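Residue numbers (the UniProt record's numbering), protein chains in the order written: chain X, 1 to 147; chain V, 1 to 143.
A short worksheet on the structure shown next.
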């Protein structure tokens, strides 16, 4: 195990603990937050506020630097497109999020509790991601054949 | 709309959010990447050389969190109300949707909003709106 792998493990652990402390790993709480037309639990707005507060500082520091603290290169998203893919994909994700109360991070964390329902959700999620890879690969080949 | 004061946890949620921010900050400043769970997990079904181990290390950290939480605080068992079929369908939708949108609650929500990315703001509003409409439909229209 290199130092870098241990670092990634520890950051994953910290992120997982943050998800647990904040209440994000409780599907009932997520659905309570999304239940704007019922009895609404605004807690998750506080999760977002806390995370974005610290995150914004980090990105402000990153913008002033040419390399990471370990001397590596920054690899930040470059796309600025607001297209149908972004919106349709987000809507499909939101429907799944509302149905189960799980988004990807909390679902993976819940694997660690040994809950069988979390296992089913994560397997289905990985299957969905694999479907994306297949369709994406096929589209790329078709695009390559026509040009 | 009425506020659910019984389940409202502003301080715990804020504290958890700060931890999420801290992990996000460490990832960006040390690894140079945005911390997006769907992107990290999505790369695991694509097995490329030199691209899998760091993803596994990170996901292993996530999965270890409940064990560490049990040692520091108390063991937790998630309350998952959805049935098996609903969970399977929801999982598929979350998997396909987050990959098409290139991000989820962490990548677009936390990182995107932290970088003031208009693209991520649109994505976040779209998945939040879809989530709200879904819950309203399941809980109030169909129930």
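Every residue, glycine too, gets a C-beta built ideally from N, C-alpha and C.
Note that the structure is predicted; figures quoted are calculated from it, not measured.
Judged by DSSP secondary structure, residue 110(V) falls outside any alpha helix (DSSP H); it is assigned neither H nor E. Taking a beta-carbon distance threshold of 7 Å, residue 74(V) does not count as an interface residue toward chain X. Interface with chain X (7 Å Cβ-Cβ cutoff): residue 48(V) is excluded. For residue 37(V), the enclosing alpha helix (DSSP H) has its first and last residue at 37-42. For residue 52(V), the secondary structure class from DSSP, reduced to helix, strand or coil, is coil.
A contact is defined here as three or more CB-CB pairs under 8 Å, and the stretch 33-53 of chain X fails this definition with respect to the stretch 33-44 of chain V. Per DSSP, residue 119(V) has no beta-bridge partner at all.
Interface annotation, residue 30(V): in contact with chain X, CB-CB separation under 7 Å. With respect to residue 124(X), residue 91(V) sits close: the two C-beta atoms are nearer than 7 Å. The three-state secondary structure of residue 85(X), taken from DSSP, is helix. Per DSSP, the beta-bridge partners of residue 33(V) are 75(X). Across the structure, residue 65(X) and residue 95(X) are spaced so that their CA atoms are roughly 38 Å apart.
Counting C-beta pairs with one atom in each stretch, the stretch 109-126 of chain X and the stretch 91-105 of chain V have three or more that are closer than 8 Å, which means they touch. Restricting attention to 100(X), 142(X), 10(X) and 55(X), the CA atom closest to the CA of residue 132(V) is found in 100(X).
The beta carbon of residue 12(X) sits closer than 8 Å to no other beta carbon from its chain once the five residues preceding and following it are set aside. Across the structure, residue 53(V) and residue 142(V) are spaced so that their CA atoms are roughly 44 Å apart. According to the DSSP secondary-structure assignment, residue 3(V) is paired through a beta bridge with 40(X).
When C-beta distances to chain X are compared with 7 Å, the residues of the stretch 49-70 of chain V below that value are 53, 54, 57, 58, 59, 60, 61, 62, 63, 64, 65, 66, 67, 68 and 69, in chain order. Using a Cβ-Cβ cut-off of 8 Å, residue 22(V) is close to 14, 18 and 54 of chain X, given in chain order.
Nearest to residue 58(V) by alpha-carbon distance, out of 134(X), 17(X), 56(X) and 26(X), is 17(X).
For residue 3(X), the nearest beta carbon of chain V is not closer than 7 Å to its own beta carbon. Interface annotation, residue 93(V): in contact with chain X, CB-CB separation under 7 Å. Nearest CB-CB separation between residue 141(X) and chain V: not below the 7 Å threshold. Contacts between residue 64(X) and chain V, judged by CB atoms closer than 9 Å, are missing: the closest CB pair is about 11 Å apart. From the beta-carbon of residue 87(V), the residues of chain X found nearer than 9 Å are 99, 100, 102, 117, 118, 120, 121 and 124.
Listed along chain V, the residues sitting closer than 9 Å to residue 85(X) by beta-carbon distance are 100, 101 and 102.
About 6 Å separates the CB atoms of residue 47(X) and residue 24(X); that is less than 8 Å, so the two are in contact. Sequence-distant partners of residue 103(X) (beyond 5 residues in either direction) whose C-beta falls short of 7 Å from its own C-beta, in its chain, are 97. In this structure the stretch 56-71 of chain V does not touch the stretch 41-57 of chain X; the number of beta carbon pairs closer than 8 Å is below three.
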